[in-house]
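*Asks:*
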Amino acid sequence: MTDYKNILVEQRGNVTLVTLNRPDSLNALNTGVLADLIDAFAAYEADDTQRCAVLTGSGDKAFAAGADIKEMVEKDTAQFFNEDFFAGWTDDFTRRTRKPWIAAVNGFALGGGCEVAMMADFIIASDKARFGQPEIKLGVLPGMGGTQRLVRAVGKAKAMDLCLTGRMMDAAEAEASGLVARVVEHDRLLDEAMEAAALIASMAPLAAMANKEAVDAAFENTLDQGIKYERRLFQVITATDDKTEGMKAFVEKRDPKWTGR
Ligand code: CAA
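Quick note, the sequence shown lines up with residues 2 to 262 if you use our numbering.
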């Protein structure tokens, strides 16, 4: 397994656990973290033994407190523009990960931290988690998709409230507003996320990818286009061995044995 400078990667059975590992800066997301995540998630994607991933933060305090302000403070506009700063988070990280992954948010998820959590297929949060887009307090705005994904997750009213005031919301508010799928006791967070990931990993892998793709398509399409897209994906997935196995196993009252074919 590759040794990374900014993250830890561990395979537990068929689940890959990735931990952001810059606790001294509350796991602030610099270009090194991005490069490591792109590499680690590409390896996860390519490894047939791995069926789900979990991303969490090291330390007890933060999932990630945002993009690394110390990396950005001296950069000028030409550098941000020439580097197309932040593009890799969507183009090379999120879009290329077609297998499922969960964000296990263990503390502050602010700015880029909230944005990375929202890149996950869903979020499981500790009851100590806090979410926010405080970029306005730095004289800027979110740059890794926060204004767009937050509106889709919680609606315009709350997204605007969070972006314009820079306030944080606690886990209960995040759950009530639909940002997170589940809130669990802080000490149970990793177990709960790993159990959810193991359950996903026990499903037919092609079906998992197709479910993810179809749900994500809801963000891009009209209802009519989305329903047609889902129906086509359903029809395509019926060509898999795992469809035959899954349905036969149900009828024969036994557990299915997936092959990923
Ligand atoms: N970038 C770089 N370093 C950071 C950081 C960040 N986003 N967040 C925290 N740190 C560092 C601090 O500088 C501090 O380092 P030193 O000990 O070397 O001074 C260390 O982490 C611990 O932080 P604090 O002492 O501030 O801890 P605290 O408990 O008092 O406060 C906090 C915690 C409220 C999260 C506070 O650290 C904070 O407000 N952080 C910045 C949050 C933020 O503004 N995030 C948005 C960043 S911009 C962005 O993300 C743009 C985008 O859309 C992609």
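Where a beta carbon is used, it is the ideal one built from N, C-alpha and C, also for glycine. Just so you know, these numbers come straight off a predicted model, no measurement behind them.
Determine, using beta carbons only, whether Leu-30 and Ala-68 come nearer to each other than 8 angstroms.
*Replies:* Locating residue 30 in the sequence shown gives position 29, where the first residue counts as 1. Locating residue 68 in the sequence shown gives position 67, where the first residue counts as 1. Contact: yes.
*Asks:* Could you tell me the boundaries of the alpha helix (DSSP H) in which Asp-242 lies?
*Replies:* Against the sequence shown, residue 242 aligns to sequence position 241. Taken as a continuous stretch (DSSP letters only), the alpha helix (DSSP H) holding Asp-242 covers 242-252.
*Asks:* State yes or no: is the C-beta of Leu-27 nearer than 7 angstroms to some heavy atom of the ligand CAA?
*Replies:* Counting from 1 along the sequence shown, the entry for residue 27 is found at position 26. Yes - the ligand CAA has a heavy atom lying nearer than 7 angstroms to the Cβ of Leu-27.
*Asks:* Can you tell me which of Ser-203, Asp-61, Lys-229, Trp-259 puts its alpha carbon nearest to the alpha carbon of Ala-54?
*Replies:* As a first step, residue 54 is located in the sequence shown; it is residue number 53 there, counting from the start. Closest by alpha carbon: Ser-203.
*Asks:* Just tell me which of Lys-71, Ile-238, Leu-111 has its CA closest to the CA of Leu-151.
*Replies:* Locating residue 151 in the sequence shown gives position 150, counting from the first residue. Comparing Cα positions, the closest option is Leu-111.
*Asks:* Ordered along the chain, which non-local residues of its own chain (more than five positions away) have a Cβ less than 8 angstroms from that of Phe-42?
*Replies:* By 1-based counting over the sequence shown, the position of residue 42 is 41. Same-chain partners within the cutoff: Val-19, Ala-54, Phe-94, Arg-97, Thr-98, Trp-102.
*Asks:* Whose CA, out of Ala-44, Arg-52, Lys-62, lies closest to the CA of Leu-21?
*Replies:* For the purposes of this step, residue 21 is identified with residue 20 of the sequence shown, where counting begins at 1. With distances taken between Cα atoms, Leu-21 lies closest to Lys-62.
*Asks:* Please determine whether the Cβ atom of Pro-135 lies at a distance below 7 angstroms from any heavy atom of the ligand CAA.
*Replies:* As a working mapping, residue 135 is identified with position 134 in the sequence shown. True, at least one ligand heavy atom lies under 7 angstroms from that Cβ.
*Asks:* Within its chain, find whatever has a CB closer than 8 angstroms to the CB of Asp-1; leave out the 5 residues flanking it on each side and keep chain order.
*Replies:* Because residue 1 is not part of the residues shown, which for the chain are 2 to 262, the question remains open.
*Asks:* Tell me which residue opens and which closes the beta strand (DSSP E) that Gln-80 is part of.
*Replies:* Your numbering for residue 80 matches position 79 in the sequence shown. Run containing Gln-80: none in the beta strand (DSSP E); it sits in the alpha helix (DSSP H), 78-83.
*Asks:* Can the beta-carbon of Ala-250 be found closer than 8 angstroms to that of Arg-52?
*Replies:* One-based indexing of the sequence shown puts residue 250 at position 249. One-based indexing of the sequence shown puts residue 52 at position 51. It is not a contact, given that the beta carbons lie outside the stated cut-off.
*Asks:* Which same chain residues, not among the five before or five after Arg-131, have their C-beta less than 8 angstroms away from its C-beta?
*Replies:* Taking the sequence shown and counting its residues from 1, one reaches residue 131 at position 130. Gly-108, Phe-109, Ala-110, Leu-111, Met-169, Met-170, Asp-171, Ala-172.
*Asks:* Would you mind listing the beta strand (DSSP E) stretches within the stretch 5-92 that are 3+ residues and don't spill past its ends, in chain order?
*Replies:* Runs of the beta strand (DSSP E) inside the stretch 5-92: 8-13, 16-21, 53-58, 63-65.
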